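Protein chains in written order, with this note's numbering: chain A, 1 to 309; chain B, 310 to 867.
A virtual CB, placed ideally from N, CA and C, is assigned to each residue, including glycine.
If you're wondering where the values come from, they're calculated on a predicted model, not measured in any experiment.
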C-alpha cells in the first residue's frame with residue numbers, strides 16, 4: 001500500500017510537470033504580446049513600459065528558462081504575478097478557489113443524495129409509475145443545456161420573484177442553492193440513471209438470490225450486498241465529476257456571477273493574462289490526479305477483490 | 310486543446326445566455342425615450358445608497374487608472390486641477406487659474422488653498438507633485454504615465470536616472486509651475502486625466518499594495534474599507550470635500566464578470582438591485598420601449614468613434630483613391646438600421662459629435678451616403694479591380710461579426726473585391742496591425758482621454774505616433790495604419806502652439822479635413838452610441854458624464 005501510494009504520487013508529479021510544460025508551450029506560441037497593449041484596449045503601451053514589463057515577467061527569456069523559473073517558484077508556493085493588476089496569482093485565485101469549492105461541494109452533495117437516492121428508489125420499484133416518471137424526467141434533464149436551466153432559474157427566482165439577489169454574494173450560504181442546483185441537475189440525472197442500472201444488475205446477481213434464498217432479511221441484503229456492490233461505478237462517476245467541478249464551472253459561474261476560477265479562466269484567456277491561465281490549469285490538473293488517486297483508494301475499500309499494487 | 314475547448318464553450322455560453330435573455334422578455338415597439346430632464350432641478354436631499362455594477366478595474370489608484378470603470382472610482386475619490394462636462398467643456402476644479410507663458414513652455418496653476426485629503430492632510434502643490442512624480446517613476450511601470458510625457462524631466466524619471474520631477478516646482482503652497490519639454494498650449498486639458506491627481510504622503514510609491522486597494526483621496530467620496538477584488542467597492546461621502554459636497558451617503562459598486570456584465574447589470578436593474586445599468590445589445594429595443602416612457606432611458610452619442618483602420622503604407626489601400634473607394638462603397642445607414650437598430654449612428658467625421666465645438670458634420674464626405682458610382686470610379690483609378698484580395702481583420706468576442714460581414718458583403722457587391730475576413734483575439738489582432746507585413750484593413754475604435762480633437766488626431770494619425778522599431782520595423786505607437794503627411798503634422802504642431810482656443814479648434818478642423826476628408830487615412834463608420842437605464846424615480850440629477858459614468862457626485866434622493 002505504502003509503495004503503491006509512493007509510486008502514484010511520483011506519477012502525479014510527472015503528469016503535473018508535463019501538463020504545465022505543454023500549457024506553457026501553448027501560451028508561448030499564441031501570437032500577440034500579452035503586455036503589448038493596455039488591458040482590453042487598443043492603446044499601445046509605451047515601448048519603455050513594454051520593455052520594463054517584459055523584464056518584470058521574464059518574457060524576454062526563452063521558453064525553457066521561463067518554465068524553469070515558474071516551476072522553481074511554484075514548488076515554493078509562488079504562482080507569480082498577473083499581467084493586468086500585477087497582484088500575486090495565489091492571492092487572486094485563493095478566494096476564487098474557495099468560492100468554486102463551495103459550489104462544487106454543494107453540487108456534489110446534491111448529485112449524490114438526490115441522484116443516487118432517486119436511482120435506488122427507481123431500481124427497487126422497477127416498472128412502477130415512480131420508475132417511469134424518474135426515467136422520463138432524467139432523460140429530459142440530461143438533454144437540457146446548463147445555461148438554459150441557469151438562465152431560467154435566475155430569471156424566475158431573482159428577476160421575477162426576487163427571492164434571491166441577481167448579483168449574489170458567495171459568502172451567503174443561502175445563495176449557493178441556485179447555482180449548485182444548476183450545476184448539479186444534469187449530473188444528478190446521470191447519477192440516477194447510472195445508479196438504477198447498476199442496482200438492477202446487482203439485484204439479479206446470483207449472490208443476491210442466494211442471500212435471499214438463505215433467508216437473510218431483505219434490509220440486510222439490500223444494504224450489505226446490493227448497495228455496496230452497485231455503488232462502485234457511481235463513486236467513480238461522482239469522483240471524476242467532482243474533479244471537473246473543482247476545476248471551475250464557466251457557464252454556471254458566469255450566469256450567476258459566482259466569482260470562481262471558471263470565470264477567472266474565461267476572463268484571463270480573453271486578456272491573455274497567462275499567469276492566471278497557467279495557474280488555473282495547473283490547479284485543474286492537480287485536482288484531477290489527486291481525485292483519481294482518491295477514487296482508486298476508495299475502490300479498494302469498497303471492493304475487497306481489488307488490490308492496490 | 311483545453312484552451313480552445315474552453316474558449317469555444319465560453320462563446321457558446323455567452324451567445325446562449327444572450328439568446329435566452331432576449332427571449333425572456335416580450336416584444337415591443339421602440340418609441341422615442343429621450344433624456345430625462347424633468348428631474349434636473351429637483352431640490353436636493355442628502356442620504357441614500359446608490360448601487361451599480363461594473364467589471365473589475367485594472368486599478369483604482371490614480372497612478373494606473375485606465376478604463377472607464379477605474380475612472381468611475383478614481384474620479385469620485387480624487388479631484389484634480391480641472392473637470393470636464395459631458396460636452397467636453399473644461400472648467401477649473403481645484404485650480405483657481407491656469408495660465409501659460411507666450412510659447413506655452415511654462416504653465417502656472419493657482420490652487421485653491423486650505424483643502425485637505427479625507428485623512429486631514431493638506432492638498433497643496435506638494436501633493437500634486439507627489440502624485441505626478443509617483444506615476445512617472447520607472448518602477449511604477451504605469452500604463453498611463455505617458456500623459457505626463459510633455460513635462461520636463463519625464464524621460465529621466467522613466468529611465469530611472471532621476472527620482473524628482475525636474476519640470477515641476479512650487480514657489481508656494483498654492484502655486485504649481487510646470488515646465489514643459491514639449492510645448493503645448495492645451496496642456497491644461499490633460500490635467501483632467503486621473504493620473505494628474507494629487508496624493509497624500511501616505512500613498513508611498515506606486516507599488517504600495519495597501520494604498521493601491523484603498524486610496525486616500527480628496528474627492529467627493531472616500532473608500533469604506535479596501536477594494537474587495539472581484540466582489541465590491543464601497544464609497545461613502547467625504548464630508549471634508551473642498552467643492553460642492555456629494556448628497557449620497559454611500560455608493561455600492563458590485564464587481565461583475567466581464568463576459569456578461571451588461572446582462573447582469575440589466576437583470577440587476579430589473580430586479581431593483583441596481584440604480585444604473587448598461588444593457589445587452591439584443592434587449593435595447595425592448596428596454597427603450599419599457600423605460601423610455603418612464604424617463605429612465607439614457608441614449609447618447611459618446612466620446613468615441615468606430616472606424617476602419619486601412620494600412621496606408623503598403624497593400625491594396627495604399628492610395629487614397631482606394632481608401633475613398635472603400636468608404637464610398639459602404640452603406641452605413643443600412644448597417645445602422647439593420648444591425649444596430651438605430652442605437653448607433655452613421656459617422657461623418659473622426660472627431661465625434663460629443664466634441665461640440667470641434668465636430669464637423671460631414672467632413673468625411675465619403676461617409677455621408679453610399680455612392681456606388683463614385684466608389685467604382687475611384688477604385689478603377691486606384692487599380693482596385695474586381696477580384697482584388699482585401700484583408701479585413703477584426704477581434705472576436707466584441708460582437709462585431711454582424712456588421713463586419715455586412716461591410717464585407719457591400720464591398721463585394723459594389724467593388725467586386727475578394728474580402729478576406731479574419732476574426733482573431735484582440736491582442737493578436739493588435740500585434741498583426743503593428744507588424745511591417747500588415748495589409749488591408751482592420752476594425753478599430755478610439756475614445757479620447759481629454760476633450761481635445763488632438764487626442765484623436767495626434768495618436769491615431771501623426772507621424773510621430775507610428776514609433777517604428779528600428780530593429781523589427783514594427784509599429785509601437787497607436788498610428789498603426791502608418792499614415793504620414795508632413796502637412797498634417799505641421800497643422801497639429803501649429804494647433805498645440807496656438808493659445809486661442811477658437812483659433813486652435815479651427816486648425817484641428819483643418820487637420821481633420823486633410824487627413825480624413827482628403828486622404829481618408831481612417832474610414833469612420835459609426836458613432837459610439839451609449840445606452841443606460843437609470844432609476845430616476847428614486848434619484849434626482851442622475852445623468853452621465855464625459856467618461857460614460859453616472860454623475861454620482863451630483864445625484865440626490867427624491
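C-beta contact flag for residue i and residue j at 9 Å
{"i": "residue 184/A", "j": "residue 122/A", "result": "no"}
{"i": "residue 436/B", "j": "residue 527/B", "result": "yes"}
{"i": "residue 170/A", "j": "residue 296/A", "result": "no"}
{"i": "residue 497/B", "j": "residue 386/B", "result": "no"}
{"i": "residue 500/B", "j": "residue 407/B", "result": "yes"}
{"i": "residue 794/B", "j": "residue 761/B", "result": "no"}
{"i": "residue 144/A", "j": "residue 178/A", "result": "no"}
{"i": "residue 736/B", "j": "residue 271/A", "result": "yes"}
{"i": "residue 48/A", "j": "residue 787/B", "result": "no"}
{"i": "residue 823/B", "j": "residue 767/B", "result": "no"}
{"i": "residue 660/B", "j": "residue 654/B", "result": "no"}
{"i": "residue 789/B", "j": "residue 587/B", "result": "no"}
{"i": "residue 705/B", "j": "residue 743/B", "result": "no"}
{"i": "residue 656/B", "j": "residue 853/B", "result": "no"}
{"i": "residue 838/B", "j": "residue 571/B", "result": "no"}
{"i": "residue 727/B", "j": "residue 699/B", "result": "yes"}
{"i": "residue 535/B", "j": "residue 519/B", "result": "yes"}
{"i": "residue 67/A", "j": "residue 5/A", "result": "no"}
Cβ neighbour criterion (16 or more within 10 Å) applied to residue i
{"i": "residue 621/B", "result": "buried"}
{"i": "residue 75/A", "result": "exposed"}
{"i": "residue 908/B", "result": "Since the first and last residues shown for chain B are 310 and 867, residue 908/B lies out of range."}
{"i": "residue 474/B", "result": "buried"}
{"i": "residue 112/A", "result": "buried"}
{"i": "residue 310/A", "result": "The structure shown does not extend to residue 310/A, since chain A spans only 1 to 309, so no value can be given for it."}
{"i": "residue 163/A", "result": "exposed"}
{"i": "residue 375/B", "result": "buried"}
{"i": "residue 511/B", "result": "exposed"}
{"i": "residue 454/B", "result": "buried"}
{"i": "residue 301/A", "result": "exposed"}
{"i": "residue 128/A", "result": "exposed"}
{"i": "residue 372/B", "result": "buried"}
Local conformation of residue i per DSSP, three classes
{"i": "residue 276/A", "result": "helix"}
{"i": "residue 25/A", "result": "helix"}
{"i": "residue 201/A", "result": "helix"}
{"i": "residue 349/B", "result": "Low confidence applies to residue 349/B: its pLDDT is 47, below 50, so where it sits in the model is not reliable, and the reading given next is rough at best. In the structure shown, residue 349/B sits in a helix (DSSP, three-state: H, G or I)."}
{"i": "residue 831/B", "result": "coil"}
{"i": "residue 364/B", "result": "strand"}
{"i": "residue 752/B", "result": "strand"}
{"i": "residue 819/B", "result": "helix"}
{"i": "residue 88/A", "result": "strand"}
{"i": "residue 393/B", "result": "strand"}
Bridge partner(s) assigned by DSSP for residue i
{"i": "residue 543/B", "result": "561/B"}
{"i": "residue 610/B", "result": "838/B"}
{"i": "residue 418/B", "result": "407/B, 485/B"}
{"i": "residue 731/B", "result": "702/B"}
{"i": "residue 530/B", "result": "546/B"}
{"i": "residue 617/B", "result": "752/B, 832/B"}
Residue i CB to nearest heavy atom of the ligand SAH below 8 Å
{"i": "residue 776/B", "result": "No copy of the ligand SAH occurs in the structure displayed, which carries no ligand at all."}
**Cβ contact check for the segment 218-226 of chain A and the segment 128-140 of chain A: 3 or more pairs under 8 Å** = No, the segment 218-226 of chain A does not touch the segment 128-140 of chain A.
Tell me, please, whether the segment 353-371 of chain B touches the segment 550-561 of chain B by the rule of three or more beta-carbon pairs shorter than 8 Å. The segment 353-371 of chain B, when compared against the segment 550-561 of chain B, does touch it at the 8 Å Cβ threshold.
message: Does the segment 823-836 of chain B come into contact with the segment 667-675 of chain B, if we say contact requires no fewer than three beta-carbon pairs (one atom in each stretch) closer than 8 Å?
response: Taking one beta carbon from each stretch, the segment 823-836 of chain B and the segment 667-675 of chain B have 3 or more pairs nearer than 8 Å; the two touch.
Item to check | Three or more C-beta pairs below 8 Å linking the segment 843-863 of chain B and the segment 369-387 of chain B | outcome: Yes, the segment 843-863 of chain B touches the segment 369-387 of chain B.
query = Do the segment 677-691 of chain B and the segment 619-637 of chain B make contact, defined as three or more Cβ pairs closer than 8 Å?
reply = Three or more Cβ pairs closer than 8 Å define a contact, and the segment 677-691 of chain B meets that threshold against the segment 619-637 of chain B.
Quick test of the definition: if touching needs 3 or more C-beta pairs under 8 Å, does the segment 778-785 of chain B touch the segment 635-650 of chain B? No: fewer than three Cβ pairs fall under 8 Å.
Inset, instruction - Specify whether the segment 83-95 of chain A and the segment 231-239 of chain A touch according to this definition: at least 3 beta carbon pairs, one from each stretch, less than 8 Å apart. - result: Verdict: no, contact absent.
How about the segment 709-718 of chain B and the segment 5-16 of chain A: do they share at least three Cβ pairs that are nearer than 8 Å?
In this structure the segment 709-718 of chain B does not touch the segment 5-16 of chain A; the number of beta carbon pairs closer than 8 Å is below three.
Taking contact to mean 3 or more Cβ pairs, one atom from each stretch, closer than 8 Å, check whether the segment 80-92 of chain A and the segment 807-819 of chain B are in contact. When C-beta atoms of the segment 80-92 of chain A are compared with those of the segment 807-819 of chain B, fewer than three pairs fall below 8 Å, so the two segments do not count as touching.
Is there contact between the segment 391-406 of chain B and the segment 417-429 of chain B, where contact requires at least three CB pairs shorter than 8 Å?
-> With the cut-off at 8 Å, the segment 391-406 of chain B and the segment 417-429 of chain B touch.
Point to revise | Stretch pair the segment 453-465 of chain B + the segment 475-482 of chain B: three plus CB contacts closer than 8 Å | key: Cβ pair count under 8 Å is three or more, so yes.
field: the segment 566-581 of chain B touching the segment 540-556 of chain B, judged by at least three CB pairs closer than 8 Å
entry: No: the two stretches stay apart, fewer than three of their Cβ pairs being nearer than 8 Å.
With a cut-off of 8 Å, do at least 3 Cβ pairs link the segment 98-106 of chain A to the segment 260-267 of chain A?
Between the segment 98-106 of chain A and the segment 260-267 of chain A, the count of C-beta pairs closer than 8 Å reaches three or more; the two stretches touch.
Three or more C-beta pairs closer than 8 Å, one from the segment 22-37 of chain A and one from the segment 50-67 of chain A: is that the case here? In short, these stretches touch, since the Cβ pair count reaches three.
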